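> Here it is, the structure, as structure tokens.
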Amino acid sequence: MLLSVTQPTLHAEISLSIETLLRPNDIRQRVFDWRRQGLRIALVPTMGNLHEGHATLVNHARKHADRVIVSIFVNPMQFGPNEDFARYPHSGGRPRAA
4 MLLSVTQPTL HAEISLSIET LLRPNDIRQR VFDWRRQGLR IALVPTMGNL
54 HEGHATLVNH ARKHADRVIV SIFVNPMQFG PNEDFARYPH SGGRPRAA
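When the count follows the working numbering, it moves up by one through the sequence shown with no breaks and lands on 101 for the last residue.
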């Protein structure tokens, strides 16, 4: 998931757009374009179980960057043989590996 945030100014309203990109090449191209424009980019990596702590991190990132990317990826390789990937808590939908 890619969260594109336009920073507000003192006299402007917040402009927020959320775009979901699933293919790594699409994300790379978007970041390349933003860098070419001289924009500052922040990354908030998650394992998919979104909670208030992630929102706090996104809000902090928005203060320091022009664009914020939130990655939502649950890597099955991070689970040991006695840990159940399918039972890992997640926010909406079914957990999946990209």
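Ideal Cβ positions, reconstructed from N, Cα and C, are used throughout, including at glycine.
These numbers come from a predicted model, not from an experiment.
Taking buried to mean at least 16 other C-beta atoms within 10 Å of its own C-beta, is residue 21 buried or exposed?
By the 10 Å Cβ count, residue 21 comes out exposed.
> What are the boundary residues of the beta strand (DSSP E) that residue 70 is part of?
Run containing residue 70: 70-75, per the beta strand (DSSP E) assignment.
> If you reduce the DSSP assignment to three classes, tell me which class residue 86 lands in.
Correct three-state label for residue 86: coil.
> Just mark residue 83 as buried or exposed, buried being the case when its beta carbon has 16 or more other beta carbons within 10 Å.
With fewer than 16 Cβ atoms within 10 Å of its Cβ, residue 83 is classed as exposed.
> Would residue 46 and residue 58 qualify as a contact pair, given that the criterion is a beta-carbon distance under 9 Å?
Contact flag unset, no.
> Going by beta carbon distance, what residues of the same chain come within less than 7 Å of residue 37, once the five residues before and after it are set aside?
Hits under 7 Å: 44 and 70.
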